[in-house]
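Student: 278 is the number that the UniProt record's numbering gives to position 278 of the sequence shown; each next residue is one higher, with no gaps.
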Amino acid sequence: MIHSMTGYGKSVLQLPTKKITIELKSLNSKNLDLNARMPSIYREKELAIRKLLAKKLERGKIDFSIYVETTAEDTSTQINVPVVKQYINQLKKVVDGDDMDLLKMAVRFPDALNTIREEIDETEWQLILTEIHTAIENLTSYRLSEGKVLEQDFNNRIVTIADLLEQVIAMDPDRIDGVRERLTKGIEELKEKYDENRFEQELVYYIEKFDITEEKVRLKNHLDYFAESLNSKDSNGKKLGFISQEMGREINTIGSKSNYAPMQQLVVQMKDELEKIKEQLLNVL
């Protein structure tokens, strides 16, 4: 069962004082290209998160984000009460004004507010980690769903190439007869005496150069192997890519050896189907 590298996963954790959202986005890439965005409080966990994502998602261009929405009841910034009171007392000696106006002025001065450095609560982090796993599972499900669409497309195109190959096999005898006829006619038009035995030997040698029996057999084997690999337990886009390259090599050889317009037209159609397969393979995990 193949998986697409395109996917999206999301999970939301609602805590008493904050709402935490985990998002995962994935696009195709030859290797793992991971970009992580998160509040500074969670930076010490980034390496562990990267290892987890690399193990679970394998490859692709991955964007991982943690968003935190904090409620008004929970804040890391607090008023430095003794300092603010001292500022107000000093301001009273300089200007006249009510306490509210002086307070507005005082809180703007240095050290009026203290920002407390937050530490990760391990109990809270375990809840977040659970939601990260959930987001990964959601993205994996998305990839699997997209992979089923790709798999159906691949199967259809493999069947099309196989049908075209059968047409090539069916017309091959006519192609060989045509080659023999053209060569014989060419010799006869020369109106020169020739050794018929020698001519037959040369004819056999010439026709063998255009023989595509091995290419037909190998291409059929590659098509079967590609279909078999699609149904394997693990998704392996690179393996399918290698098989498609071998398929292309055999199709190109058939085209170069055919020397027969109707067969070359079939080869062009096979190449077109194979190119579409290769384009889609870039998105297979």
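We put the CB at the ideal spot given by N, CA and C, even for glycine.
Going by other Cβ atoms of all chains shown within 10 Å of its Cβ, with 16 needed for buried, is Arg182 buried or exposed?
Tutor: Note on Arg182: under 16 other CB atoms within 10 angstroms of its CB, so exposed under the neighbour-count rule.
Student: Please state if the CB of Glu23 and the CB of Ser65 are separated by a distance shorter than 8 angstroms.
Tutor: yes
Student: Based on Cα-Cα distance, which residue from Tyr206, Glu166, Val159 lies nearest to Arg180?
Tutor: Tyr206
Student: Considering only their Cβ atoms, is the gap separating Arg59 from Leu230 smaller than 8 angstroms?
Tutor: no
Student: Fully enclosed by the UniProt domain "Endoribonuclease YicC-like N-terminal" (2–151), which alpha helix (DSSP H) runs are 4 residues long or longer?
Tutor: 46–57, 81–92, 99–106
Student: Where Gln269 and Val68 are concerned, what is the direct C-alpha to C-alpha distance, given to the nearest angstrom?
Tutor: 53 angstroms
Student: Are the beta-carbon atoms of Ala54 and Val83 separated by less than 8 angstroms?
Tutor: no
Student: Run the CB neighbour count on Gln280, radius 10 Å, all protein chains shown included, and call it buried at 16 or more, exposed below.
Tutor: buried
Student: Going by C-alpha distance, which of Tyr225, Leu127, Lys61 is nearest Leu27?
Tutor: Lys61
Student: Closest to Ala227 by C-alpha separation, out of Asp98, Glu273, Glu151, would be which residue?
Tutor: Glu151
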